[in-house]
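**Student:**
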């Protein structure tokens, strides 16, 4: 395979400014030509994003990472670059155009799509204001590439190429011509090997240029004036863009009156017609984000068995649903959604007495957030399954809700759940931002919610101000995490000056930064600087150099779970090269850290987590989890198991549990439950009385593989007055 020199476009943008329209048109045409080579032989790339496009020193672009190339179903998902039809396993050629449009939003604005707001009604990205110098025609082309429905996107590479050329030539007064779609003559070379190799490349050489191994040679459609000598169709169509349209005289007051009438009519229609009729113009309640088995919420997980189970469940054929989901679970042990639906179907098939709890997690296309959602679901599913196996007289159904890890949607999910009278309580949400957004809804409607992962101190303050308080959490707060880290720094390694990297736009990250600064000061140390991880052009090397200039001995890393922020954090870790000792919050405890930077941070990175499988207070839990799921589980699974377990313990204490009675049970000072992380009881503000923090360090095992190894376990005695 050819070695590609240069930077990928994500790296290039981080070191430079967003590109101009002229450069964007050049790059877009190059990539359309590359896609033409692939599409013309019946394949599509399926994983286009800035990091999969290389810029060579000569200015040519190269599309890399052809591990997902092919046709048909795929589970390849890249955060907010993958279209919905591909997530659902229905990839089409226009799926590549969606990813291409999202890529150019990043190149033109310097921001990934997941960092941009969306229109509340249409779900379209709001990005044009960040690229004011581009023309409206070019912005429209980008929006068309990103259209929700494949039919609304350009239908082929020739269509895209013609529009690019029209935009490029619109600044010129002279006439020009365009070819109609030619017949493409492509000769594949080793293309059948592409699906098996992760780094095959197709360079952006001209269509009629030379071919090389692992590339495709094609004859080009001509996107410029005149006929292509290699095209089999030479029937140019002339278009005169200098011709002026006929002008009509329209009085301004007629225009204003017409617009007023249209506005009134539109308002009336919006109020009267239901959301199902208006589609994207009017948002429905998030019923499509809730499921007890009626629909599959995990993207890319719709196997034949799971689909058949959902169809049977919707039709009320619960026995058949049990059979299908039992097969699905056998084929894919690690899928928690299947186990939850299987339990729900068994309850319906046997007409058993049951109560319902809900779990709200992110199940969108973001790999980090989706993985975290799955980890939480595993804990809930394991607790549900154990409870139902032991207690045949009354069982627990679980309703899954996808909040997309967005505060606005989390609030909508909360509103939907409080209106479901059979839901006794909620496990969730994932991040502090989402939990805080939903908390007012739960509190006002008196629905208990237990978070296994939200650590912000703002939640402690809210719980303290409310009576009765319906918020509880099994995870320690940021104050406890900060105390554990600063105590370790002062007592174990005698390092007490730090620079903090955090995202001020995240309530979790900001909370941990604040608590760390206060705790370090209380231990005689000092935070000498605080740097923003969300700055788009943050230079990792310069940032590390600044740490030394400030006289710091420690780097404190407190990113939130956003992919862009985590990626920036990984770059900082690499740039540091263990020159300064590093500590971090639980978001750094991921397989990606071990895979990407593990060997470079051995013995110089300590992370605080609430639980570690090798030092579990309940040694039976990690063994049972590994047997059930086919592998080791994370702290999120353990804390979600405990959040569900305390609810089930409270439900079992009453013959007729209700929302109010459940809150009273959990608030009782004598309430206790024994879970994966030990004894669980709650303070008046909902914080856990027995917070436990496990400090883990990256080291190498006997095979030289980086692993997280436990350093010590710390407990904090926190009075109920806090």
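In the numbering used here, the protein residues as written are 104 to 825.
Note that the Cβ used here is the ideal one computed from N, Cα and C, for glycine as well.
The structure presented is a predicted model; accordingly, all values stated were derived computationally and were not measured.
Would the beta-carbon of residue 429 fall within 8 Å of that of residue 445?
**Tutor:** The answer is yes: Cβ separation under 8 Å.
**Student:** Is residue 225 buried or exposed, if buried means 16 or more other CB atoms sit within 10 Å of its CB?
**Tutor:** Classification of residue 225: exposed, given that the 10 Å Cβ count is below 16.
**Student:** Suppose the cutoff is 8 Å on Cβ atoms and the five residues either side in sequence are ignored; what does the same chain contact list for residue 785 look like?
**Tutor:** Counting only Cβ-Cβ distances below 8 Å, and skipping sequence neighbours, we find 575, 769, 770, 774, 791, 792.
**Student:** Can you list the alpha helix (DSSP H) stretches of 4 or more residues lying completely in the segment 641 to 728, in chain order?
**Tutor:** As far as the segment 641 to 728 is concerned, its whole alpha helix (DSSP H) runs of at least 4 residues are 643 to 652, 666 to 679, 694 to 700.
**Student:** Expressed to the nearest angstrom, what Euclidean distance is found between the alpha-carbon atoms of residue 464 and residue 503?
**Tutor:** Those two C-alpha atoms are separated by around 8 Å.
**Student:** With distances taken from CA atoms, which of 417, 117, 705 is nearest residue 685?
**Tutor:** With distances taken between Cα atoms, residue 685 lies closest to 705.
**Student:** With distances taken between CB atoms, is the gap from residue 160 to residue 108 smaller than 8 Å?
**Tutor:** Taking 8 Å as the Cβ cut-off, residue 160 and residue 108 qualify as a contacting pair.
**Student:** What does residue 756 pair with, by DSSP beta-bridge criteria?
**Tutor:** Residue 756 is not bridged to any residue.
**Student:** Under 8 Å, do residue 812 and residue 797 count as touching if we go by C-beta distance?
**Tutor:** Contact: no.
**Student:** Let me make sure I understand the geometry here. Which of 666, 185, 648, 665 has the alpha-carbon closest to that of residue 658?
**Tutor:** Checking every option, the nearest Cα to that of residue 658 belongs to 648.
**Student:** Just checking my contact of residue 62 with residue 555 at CB under 8 Å: how many whole Å lie between their CB atoms?
**Tutor:** For the chain, the structure presents residues 104 to 825; residue 62 sits outside this window and is missing.
**Student:** So residue 552 and residue 533 are in contact, right, with Cβ under 8 Å, and what is the actual spacing, rounded?
**Tutor:** 12 Å between Cβ atoms; not a contact.
**Student:** Between residue 655 and residue 601, what straight-line distance do the alpha-carbon atoms span, to the nearest angstrom?
**Tutor:** Cα-Cα distance, rounded: 5 Å.
**Student:** Quick one: give me the first and last residue of the beta strand (DSSP E) that residue 49 is part of.
**Tutor:** Since the first and last residues shown for the chain are 104 and 825, residue 49 lies out of range.
**Student:** In the segment 537 to 577, which residue ranges form an unbroken beta strand (DSSP E) of at least 3 residues, counting only runs that do not cross its ends?
**Tutor:** Counting only runs of 3 or more, we get 551 to 554, 574 to 576.
**Student:** From this set, 748, 585, 134, 650, which residue's C-alpha is nearest residue 77's C-alpha?
**Tutor:** Outside the displayed span of the chain (104 to 825) sits residue 77, for which this structure offers no information.
**Student:** What residue ranges within the segment 418 to 478 form continuous alpha helix (DSSP H) runs of no fewer than 4 residues, ordered along the chain?
**Tutor:** Taking only runs of at least 4 residues, the alpha helix (DSSP H) segments lying wholly in the segment 418 to 478 are 421 to 434, 439 to 453.
**Student:** Tell me whether the segment 397 to 407 and the segment 188 to 201 touch, counting them as touching only if at least three CB pairs, one residue from each stretch, are closer than 8 Å.
**Tutor:** Yes, they touch.
**Student:** Go ahead and label residue 586 buried or exposed: buried means 16 or more other beta carbons lie within 10 angstroms of its beta carbon, across all protein chains shown.
**Tutor:** By the neighbour-count rule (16 or more Cβ atoms within 10 Å), residue 586 is buried.
**Student:** How would you label residue 417, buried or exposed, when you count the other beta carbons within 10 angstroms and need 16 or more for buried?
**Tutor:** When all chains shown are included, residue 417 counts as exposed.
**Student:** On a CA-only basis, which of 506, 461, 513 is nearest residue 526? Give me that one, please.
**Tutor:** If we check each option's Cα against that of residue 526, 461 comes out closest.
**Student:** Name the residue from 150, 767, 713, 269 whose alpha carbon lies nearest to the alpha carbon of residue 557.
**Tutor:** Nearest C-alpha to residue 557: 713.
**Student:** Determine, using beta-carbon pairs with one atom in the segment 727 to 742 and one in the segment 754 to 761, whether at least three such pairs fall under 8 Å.
**Tutor:** In short, these stretches do not touch, since the Cβ pair count stays below three.
**Student:** Is the segment 496 to 513 touching the segment 421 to 435 in the sense that three or more CB pairs, one from each, lie closer than 8 Å?
**Tutor:** No: fewer than three Cβ pairs fall under 8 Å.
**Student:** Rounded to whole angstroms, what's the CA-CA distance from residue 265 to residue 144? Just pull it up for me.
**Tutor:** Answer to the nearest angstrom: the Cα atoms are 20 Å apart.
**Student:** Going along the chain, which residues of its own chain have a beta-carbon closer than 6 Å to the beta-carbon of residue 738, five neighbours each way excluded?
**Tutor:** Correct list, in chain order: 712, 713, 714.
**Student:** Quick check on residue 370: does DSSP put it in helix, strand or coil?
**Tutor:** Reliability fails at residue 370, whose pLDDT of 48 lies under 50, so the model's placement of it is uncertain and the value that follows must be treated cautiously. Helix.
**Student:** In angstroms, rounded to a whole number, what distance separates the CA positions of residue 761 and residue 681?
**Tutor:** Each residue's alpha carbon lies about 54 Å from the other.
**Student:** From the DSSP output, in three-state form, read off residue 195 for me.
**Tutor:** Coil at residue 195, not helix or strand.
**Student:** Return the chain-ordered list of same chain residues with a C-beta closer than 6 Å to the C-beta of residue 716, the five sequence neighbours on each side being excluded.
**Tutor:** 725, 735, listed in sequence order.
**Student:** Please classify residue 788: is it buried, with 16 or more other beta-carbons within 10 angstroms of its beta-carbon, or exposed?
**Tutor:** Buried.
**Student:** Rounded to the nearest angstrom, what separates residue 152 and residue 141 at their Cα positions?
**Tutor:** Taking the straight line from one Cα to the other gives about 16 Å.
**Student:** Throw me the rounded Cβ distance for the residue 630 and residue 603 pair, which I believe falls under 8 Å.
**Tutor:** At roughly 6 Å, the Cβ-Cβ gap stays under 8 Å, so residue 630 and residue 603 are in contact.
**Student:** Using 10 angstroms around the beta-carbon of residue 150, count the other beta-carbons present and answer buried if the total reaches 16, otherwise exposed.
**Tutor:** Buried, since its Cβ has 16 or more Cβ neighbours within 10 Å.
**Student:** Which partner residues of residue 813 appear in the DSSP bridge assignment?
**Tutor:** Note: residue 813 sits in a beta bridge opposite 799.
**Student:** With residue 511 as the anchor, note down where its alpha helix (DSSP H) starts and where it stops.
**Tutor:** Per DSSP, residue 511 belongs to the alpha helix (DSSP H) from 510 to 521.
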